[in-house]
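The structure appears right after this line, and notes come after that.
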Ligand code: NAP
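In our numbering, the protein residues as written are 12 to 317.
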């Protein structure tokens, strides 16, 4: 095989990417971790984590990300800030195309994560003016104010509870009459006097001039329309894979998440997947780090046999 810049390039520095980097660095692979923003991924904007073993009191998303980053850097993992434009996977030598140059590598781990889904109710007109996807970042702006949170999964429920530290009231708007979130989070939300559940309801628009003044909603059973007066609107209706830079060589599921086998190998030999961007039944920090450990060890075996 002709020489390459790296044995392994990892794309994305969330928990999956950093774990893969730690394993690869410890295996003394020539590895580069590429991240387009700051290391941490979605965990960085997660208020509090209490289901990742080893932290019985819980840990903030920021602190956990920092610990992972420090651990990776102590292993002398090289981390570069850059955005991957595309990949050329037509040859055994794989090309990672960045804005200003192309990197060659023998193997790849895609750990590019996922991003919050938009609703398309005009939220883009209110970004920075009361609409947010991040309670940790923007919650403190809503001290003693009323906010609407939309969604019924772990994120919506957990982050709504966090918002009650600041807001005087949180309307939690969900399209069904049952939450998807973990039962322990549901119990806490139902016990919280500041959270009012708005069941069987979808948001249809956002009202406001300089900023959010209300969220227009519709009850899906009665078809009744109304406005929830609020100063902010947090949207947590699921996630989309960060996979735009990938060509069709890599097989994905119907939602665009990458399909990997039990070794985390994708449809292209030498290309592995880990974390939230993978087609997986569970998206947790613990599953992301598990995926990544497997992917890194399998990538190591792959290049040994080239
Ligand atoms: P999710 O689990 O996919 O939940 C999305 C929620 O939004 C669902 O309740 C869904 O309603 C609702 N929804 C989807 N599209 C909608 C639309 N167009 N209009 C109105 N509502 C809509 O997403 P998530 O909560 O962001 O979580 C993503 C992943 O991260 C999950 O695997 C989750 O378990 C994980 N996570 C875990 C933790 C934790 O362990 N503490 C914390 C955060 C996230 P339906 O229920 O009716 O489908």
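The beta-carbon is built from N, C-alpha and C at its ideal position, and this holds for glycine as well.
Environment of residue i [buried if 16+ CB atoms lie within 10 Å]
i, result
"residue 312", "exposed"
"residue 48", "exposed"
"residue 21", "buried"
"residue 37", "exposed"
"residue 103", "exposed"
Residue i Cβ short of 7 angstroms to the ligand NAP heavy atom set
i, result
"residue 147", "no"
"residue 106", "no"
"residue 250", "yes"
"residue 213", "yes"
"residue 163", "yes"
"residue 186", "yes"
"residue 82", "no"
"residue 197", "no"
"residue 293", "yes"
"residue 62", "yes"
"residue 75", "no"
"residue 10", "No answer is possible for residue 10: it lies beyond the span of the chain, which begins at 12 and ends at 317."
"residue 174", "no"
"residue 24", "no"
Separation of residue j from residue i, as counted between CA atoms
i, j, result
"residue 152", "residue 122", "32 angstroms"
"residue 302", "residue 267", "18 angstroms"
"residue 389", "residue 125", "Nothing about residue 389 can be read from this structure; the chain reaches only from 12 to 317."
"residue 274", "residue 44", "20 angstroms"
"residue 34", "residue 85", "12 angstroms"
"residue 178", "residue 80", "32 angstroms"
"residue 205", "residue 306", "43 angstroms"
"residue 257", "residue 53", "20 angstroms"
"residue 193", "residue 261", "32 angstroms"
DSSP-derived helix/strand/coil call for residue i
i, result
"residue 75", "helix"
"residue 311", "helix"
"residue 182", "strand"
"residue 277", "coil"
"residue 13", "coil"
"residue 254", "coil"
"residue 44", "strand"
"residue 298", "helix"
CB-CB length for residue i against residue j, believed under 8 angstroms
i, j, result
"residue 18", "residue 89", "Contact flag wrong, Cβ pair sits at about 12 angstroms."
"residue 161", "residue 199", "Between residue 199 and residue 161 the Cβ distance is about 19 angstroms, and since that is not below 8 angstroms, they are no contact."
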